[in-house]
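Q: The following block contains the structure, expressed as structure tokens.
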Amino acid sequence: MKKINYVKILLLTTLLWGFTSCESDHTIFDDLVGRTWVGDLGFNYGDAPVESGISFSSDGFATDNQYYFPEDGGRFATSLPIRWRIEYGTLYLDYGNRYPMLEIRGVDISGPNLRGRLYADGVDEGNITLTMRY
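Start counting at 1 in the sequence shown, then tack on 109, and there's your number in the working numbering.
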């Protein structure tokens, strides 16, 4: 009888942990959608680095409007389509075959800032901060 109780407790704990993870992802989803998040994701356009401004839609698609940094003129560089998803606190940004798959792990949104650790095709690129623009 005691084995059954331990199994039930283990299953219940696993189930509750799963629900907690999903609620966190839902909160992140709600904070991302309908807003534009701006920051340096390591892209270059030509020889110059650009800043990304990602606008997230609730359908799993987004647009990254990239601009040169102010010291390089601040003008529009390009726009890239993205497929995105959030799973267990990791934000996946799929730019297609021409670009590495980006992951922002440990996403934390506090006020106007999204923080996490950026990975490009599994390579650790360091901590990043994206700032919400209205």
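C-beta atoms are modelled at their ideal positions from N, C-alpha and C, and glycine is treated no differently.
Please classify Phe-170: does DSSP put it in a helix, a strand, or coil?
A: Strand.
Q: Given that a residue counts as buried once 16 or more other Cβ atoms are within 10 Å of its Cβ, and exposed if not, what is Thr-240?
A: Per the 10 Å Cβ criterion, exposed.
Q: Where Tyr-176 and Arg-192 are concerned, what is the direct C-alpha to C-alpha distance, given to the nearest angstrom?
A: Whole-angstrom Cα-Cα distance: 20 Å.
Q: Between the Cα of His-135 and those of Gly-162, Val-216 and Gly-182, spot the shortest distance and give me the residue it belongs to.
A: Comparing Cα-Cα distances from His-135 to each of Gly-162, Val-216 and Gly-182, the minimum goes to Val-216.
Q: If you reduce the DSSP assignment to three classes, tell me which class Leu-202 lands in.
A: Looking at Leu-202 - three-state DSSP - the assignment turns out to be strand.
Q: Report buried or exposed for Ser-188, applying the criterion of at least 16 other Cβ atoms within 10 angstroms of its Cβ.
A: Exposed, by the Cβ-count rule.
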